[in-house]
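S.K.: Supplied in structure tokens, the structure appears directly below.
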Amino acid sequence: MTYKPWRAALFVAATALSGCNNLFDAGFESDTPGLPPALTPAGLPNGDSIAPGPAGSFFVTSKMGIIGQKAYAFVEPQADTGDTSLRTVMRSAPVDDLSKPVYLSWRGIFGSGGGVRIRAGYQGKPFVEFGFDNGMIMLGDDVVGAYLPGDHHTVLVSLFPTTNTYRVRVMGDVTIDQEFFEGAASSQTQITAPQVLAEFSITRSPDKNLVYVIDDVTMSHDAPN
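In this note's numbering, each residue's number is its place in the sequence shown (first place is 1) plus 1.
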């Protein structure tokens, strides 16, 4: 099944998360292009934070803003940086009520190559791993769809702590096997801290590809319409 841009629907899906139940809000508009984003995003939540990856591989760009003038770019390093993780971690404000689902959303643009892996869940308890790798959409190790360089899309990850389940939707310029994917949390351990984590990891390559660009990253208890 192929999903093409439904711009009005995507706008609703992204903006519906901007209510008073926000736990994380990063649009990168107050950050400096060419540098990593500020450790504490400018937004409504109090306590949300970003741990950016190595400089040169993770930086704010003013050339590819999806919402507003700026976005966050991931580039594969050409040389060995000595940092084997090559990742950025986004952490929500503390979650006061673990009986409520959390909805993690961002807008993205696929780069010219390379791969990005996303792990989403609560601190100490990952729920799901998925990603984008050289034109393939991956859920764990399974290929579930495809994309082309430059394709715009919206990702929505729903986390349900009371049932230890998740749901992932990728909407926009993608070809994908089904409307959404759902399953059980990948970890059976307990949540060690009531904060949601989103970890973005990239690969190393001699080609120094622009791998991925994201913007309008939000975590919220408010479900999209």
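Just so you know, even glycine gets a beta-carbon here, dropped at the ideal spot from N, CA and C. Remember, it's a predicted structure, so these values are computed and weren't measured experimentally.
Measure the alpha-carbon distance for A74 versus N22 and round it to whole angstroms.
M.R.: 27 Å
S.K.: One question on the structure: do G146 and V169 come within less than 8 Å of each other, judged by their Cβ atoms?
M.R.: Taking 8 Å as the Cβ cut-off, G146 and V169 do not qualify as a contacting pair.
S.K.: Between T62 and P37, is the Cβ-Cβ spacing less than 8 Å?
M.R.: no
S.K.: At a cut of 8 Å, does the segment 45-54 reach the segment 113-123 through at least three beta carbon pairs?
M.R.: no
S.K.: Based on the DSSP output, what are the partners of L105 in its beta bridges?
M.R.: V158, M220.
S.K.: Given a threshold of 16 other Cβ atoms within 10 Å of its Cβ, counted over all protein chains shown, does F201 qualify as buried or as exposed?
M.R.: buried
S.K.: For N165 and F60, what's the separation of their Cα atoms in angstroms?
M.R.: 33 Å
S.K.: May I ask you to report which of helix, strand or coil DSSP gives A185?
M.R.: strand
S.K.: Going along the chain, which residues of its own chain have a beta-carbon closer than 6 Å to the beta-carbon of V218, five neighbours each way excluded?
M.R.: A27, W107
S.K.: Does the beta carbon of P46 come closer than 8 Å to any beta carbon on chain B?
M.R.: No chain B is present in this structure, which holds just one protein chain.
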